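Q: In my numbering, the protein residues as written are 465 to 838.
By construction, the Cβ of each residue, glycine as well, lies at the ideal position given by its N, Cα and C atoms.
This structure is a prediction, so every number in the text was calculated from the model and none was measured.
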């Protein structure tokens, strides 16, 4: 297995594991976590029938992956395609179907993920996100549908940074897509700019030469400042929050104490807190996601972002198996990771044919029992 594929698998599954661990305590304050789990906080899943459930953060990320791959397949077969954000909107609306929300969507789903029964669970689902996704016209960076600074746009952008190579698309465009995807539901710049930064940061970790997390972060912030700083003055607030978090990486206080100071309750705070954890526990997935979820903020969202960043750095082999073995829908996320790495195998006029790919990303159908054939 190549290093890049290993990193993509580590990122997707690492994010899902962090989300699942954080979901156990997402509605609890730190003192309530201590009461339930002891002074060290939660250190392992509270499983349900042996399964560690994922939340809407991972669900939406999976639909992001499905939408990117569907769009790329359309482009490969037809020779042209719509902007990626258009496909993402359609696939996020397919996710809304799984939340058992009454909609006016009468066409058949485009996402093969809609056939996965487990994705119909409602966990950490924000009604504001659902409302924004069904709004017409959809929200954009220039014409926002609300002023939300919430976390949903941040966590679902993770596959964008993995799939799109800077050899095929300028990194500025990749980061812009991260922001555009978040702006569908998070209309405040402090709701969509963190997604641009996270997209760029993951893209550097996956596609650039090996470097320290701190250097990747500094280069990402510098590039984002040039790209977004003039148009969006509030970018300074995001940059300063991340800088403050980075400065705390060597603070003698415990991670729990520092996380309470950082207040990870919105997209900017969640990204800043995730950067703090990655600098405090470099390359250490286990210690990192435990620190990521033991606080009074949005534990599932922070866990998802930290899990993605540490998983991308360490690769799948850097994630202890006890986080992966009980993870809900692990097989499907593994398959999405392989598809993101491989990319569409079709080209116009090519004789190459992949029946399973055609089922998923052209016909939008899929039989679960085909796992054994992979």
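1. Quick one: residues in its chain with C-beta nearer than 8 angstroms to the C-beta of residue 592, no 5 flanking neighbours on either side, listed in chain order?
2. Let me make sure I understand the geometry here. Which of 762, 701, 535 and 788 has the alpha-carbon closest to that of residue 552?
3. According to DSSP, simplified to helix, strand and coil, what is residue 738?
4. Go to residue 644, then tell me how far its alpha helix (DSSP H) extends in each direction, as first and last residue.
5. Does DSSP classify residue 506 as helix, strand or coil?
6. According to the Cβ coordinates, are residue 644 and residue 605 closer than 8 angstroms?
7. Express the C-alpha separation of residue 782 and residue 478 in angstroms, rounding to a whole number.
8. Pick out the complete alpha helix (DSSP H) segments inside the region 465-502, 4 residues or longer, and give them in chain order.
9. Which whole-angstrom value is the C-beta distance of residue 790 and residue 514, which I expect to be below 8 angstroms?
10. Could you give the first and the last residue of the continuous alpha helix (DSSP H) run that contains residue 819?
11. Which residue spans inside the region 525-557 form an unbroken beta strand (DSSP E) run of at least 3?
12. For residue 843, which three-state DSSP category applies?
13. Quick check on the DSSP output: the alpha helix (DSSP H) that includes residue 795 runs from which residue to which?
14. Work out the CA separation of residue 556 and residue 829 for me, nearest whole Å.
15. Can you tell me whether DSSP reads residue 838 as helix, strand or coil?
16. What first and last residue would you give for the alpha helix (DSSP H) that runs through residue 780?
17. For residue 769, count neighbouring C-beta atoms within 10 Å of its own C-beta (all shown protein chains included) and say buried if the count is 16 or more, exposed if not.
18. Could you tell me whether any non-hydrogen atom of the ligand PLP is closer than 7 angstroms to the CB of residue 820?
19. When you compare the region 519-529 with the region 618-630, are there three or more beta-carbon pairs, one atom per stretch, that lie closer than 8 angstroms?
20. Taking all protein chains shown into account, do 16 or more other C-beta atoms lie within 10 angstroms of the C-beta of residue 786, making it buried, or fewer, making it exposed?
21. With a threshold of 8 angstroms on Cβ separation, who are the neighbours of residue 670 within its own chain once the five nearest residues in sequence on each side are excluded?
22. Considering only DSSP beta bridges, list what residue 791 is partnered with.
23. Closer than 7 angstroms by C-beta to residue 823: which residues in its own chain qualify, once you throw out the five before and the five after it? Chain order, please.
24. Over what stretch of residues does the alpha helix (DSSP H) that includes residue 699 continue unbroken?
25. Out of 723, 697 and 718, which one is the CA nearest neighbour of residue 708?
26. Looking only at C-alpha atoms, which of 720, 715 and 826 sits nearest to residue 503?
27. Check whether the region 727-743 touches the region 694-709, taking contact to mean three or more Cβ pairs, one atom from each stretch, closer than 8 angstroms.
28. Between residue 767 and residue 485, which are expected to be in contact by the criterion C-beta below 8 angstroms, what is the C-beta distance as a whole number of angstroms?
29. Decide if residue 756 is buried, meaning its Cβ has at least 16 other Cβ atoms within 10 Å, or exposed.
30. Please confirm whether residue 510 and residue 771 have their CB atoms less than 8 angstroms apart.
31. Report the CB separation of residue 623 from residue 735 in whole angstroms; it is logged as a contact under 8 angstroms.
A: Looking at the atomic coordinates:
1. Closer than 8 angstroms at Cβ, skipping near neighbours: 610, 612, 614 and 649.
2. It is 535.
3. For residue 738, the secondary structure class from DSSP, reduced to helix, strand or coil, is helix.
4. Where residue 644 is concerned, the enclosing alpha helix (DSSP H) stretches over 635-647.
5. Assignment of residue 506 by DSSP, reduced to helix, strand and coil, places it in the coil class.
6. Using a Cβ distance threshold of 8 angstroms, residue 644 and residue 605 count as a contacting pair.
7. One Cα belongs to residue 478, the other to residue 782, and the distance between them is close to 9 angstroms.
8. Within the region 465-502, the complete alpha helix (DSSP H) runs of at least 4 residues are 467-487 and 494-501.
9. For a cut-off of 8 angstroms, the C-beta gap from residue 790 to residue 514 is around 6 angstroms, short enough to register as a contact.
10. In the DSSP assignment, residue 819 falls within the unbroken alpha helix (DSSP H) covering 819-825.
11. Counting only runs of 3 or more, we get nothing.
12. There is simply no residue 843 to check, as the chain begins at 465 and stops at 838 in what is shown.
13. First-last of the alpha helix (DSSP H) with residue 795: 794-806.
14. In a straight line, the C-alpha of residue 829 is about 17 angstroms away from that of residue 556.
15. Reliability fails at residue 838, whose pLDDT of 31 lies under 50, so the model's placement of it is uncertain and the value that follows must be treated cautiously. Looking at residue 838 - three-state DSSP - the assignment turns out to be coil, as it is neither helix nor strand.
16. That residue, residue 780, is in no alpha helix (DSSP H); it is neither H nor E in DSSP.
17. The C-beta of residue 769 has 16 or more other C-beta atoms within 10 Å across all chains shown, which makes the residue buried.
18. Ligands are entirely absent from the displayed structure, and the ligand PLP is therefore not among its contents.
19. The way I'd put it, the region 519-529 does touch the region 618-630; three or more beta-carbon pairs between them come closer than 8 angstroms.
20. The residue in question, residue 786, is exposed, as its Cβ has fewer than 16 Cβ neighbours within 10 Å.
21. Excluding residues within five positions, the ones whose Cβ falls inside 8 angstroms are 468, 471, 472, 475, 625, 626 and 776.
22. Beta-bridge annotation (DSSP): residue 791 is paired with 516.
23. By the criterion of a C-beta distance shorter than 7 angstroms, residue 823 is surrounded in its chain by 829 and 830, once the five residues flanking it on both sides are discounted.
24. From DSSP, the alpha helix (DSSP H) with residue 699 extends over 699-711.
25. Out of 723, 697 and 718, the CA that lies nearest to the CA of residue 708 is found in 723.
26. For residue 503, the nearest C-alpha among the options comes from 720.
27. Contact between the region 727-743 and the region 694-709 is present: three or more C-beta pairs spanning the two stretches fall below 8 angstroms.
28. Indeed, because the Cβ distance is near 5 angstroms, the residues count as touching under 8 angstroms.
29. Buried, because 16 or more other Cβ atoms sit within 10 Å of the Cβ of residue 756.
30. By the CB criterion at 8 angstroms, residue 510 and residue 771 fall outside the cutoff.
31. Cβ atoms of residue 623 and residue 735 stay farther apart than 8 angstroms, at about 17 angstroms.
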